[in-house]
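Worksheet for the structure shown next.
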Ligand SMILES: C[S@@+](CC[C@H](N)C(=O)[O-])C[C@H]1O[C@@H](n2cnc3c(N)ncnc32)[C@H](O)[C@@H]1O
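Numbering (our numbering), first residue to last: 313 to 557.
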């Protein structure tokens, strides 16, 4: 089975810098609450890495509030990092771009970070363990990792692969694998690190994209909450996972 990830080319044309995703606000609020303690002046000088940073949307969102922070962005797609670089010419503190694969230790920098974010990335991999181990290696002793994505509250790890109808080639898209909260808790115990899962509720409607059934949309439920689904016939349970040593 040939597994690939092509869906992230969409970040070349979307503008999430001027229209930040709802979960950016949720993750930033949590970072401020338990790490930056309300964004006090003495906590503004942190060193942060965003893994899977695409063209720098979340980093831009963070820099607006914390212009003094030392911000690094890692991605595996050179064309996304090129766009991240292009937007930096007039910035006082430009982002540090890192072309690397978070699943491959040999490509990672010899740097440590106070804060590591990884949003919407973990479901790309068929195994979360090497990725989390690499994240932990780059985390400072008192640092924290904030991982946002879909996780399974039931005790099952699920691997999802799809291809468009009519596709004859052995090419399967990845990106919606769902690891169970229980498996991750067990891994954290083995690694002797602490973890916490915080459920995320989306407060806005997202319409269905007529031309891309892989993108999520919302359905209204009787209790007023939103169900997040996509064309893979999946219901997404989004959580923010916090890991610290
Ligand atoms: C679904 S997008 C999420 C982008 C952004 N973090 C967000 O939440 O909107 C996944 C991102 O991870 C990057 N990526 C995929 N595989 C990667 C890997 N092995 N190492 C580092 N980045 C990767 C993709 O190029 C893409 O920018």
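Here a beta-carbon is modelled for each residue, glycine too, at the ideal position from N, C-alpha and C. Note that the coordinates shown come from a computational prediction; the quantities given were computed from them, not determined experimentally.
| Check | Outcome |
| --- | --- |
| CB contact flag (residue 453, residue 557, <9 Å) | yes |
| 3 or more residues per run - each beta strand (DSSP E) lying fully within the region 506-549 | 506-511, 529-532, 538-542 |
| Local conformation of residue 504 per DSSP, three classes | coil |
| Three or more C-beta pairs below 8 Å linking the region 420-439 and the region 515-531 | no |
| Cβ contact (3+ pairs, closer than 8 Å) linking the region 389-408 and the region 314-328 | yes |
| Residue environment, residue 422, which counts as buried when at least 16 other CB atoms sit within 10 Å | exposed |
| Residue 346 - containing alpha helix (DSSP H), residue span | 334-346 |
| Bridge partners - residue 461, DSSP secondary structure assignment | 551 |
| Whole-number beta carbon distance between residue 433 and residue 461, since they are thought to touch under 8 Å | 7 Å |
| Where residue 492 sits in the DSSP three-state scheme | strand |
| Contact set for residue 314: own chain, Cβ-Cβ below 7 Å, skip 5 residues either direction | 482, 483, 484 |
| Short CB-CB distance (under 9 Å) between residue 501 and chain D | No chain D appears in this structure, which consists of one protein chain only. |
| Bridge partner(s) assigned by DSSP for residue 369 | BP columns for residue 369 are empty, so no partner. |
| Cβ pair residue 553, residue 496 closer than 9 Å | yes |
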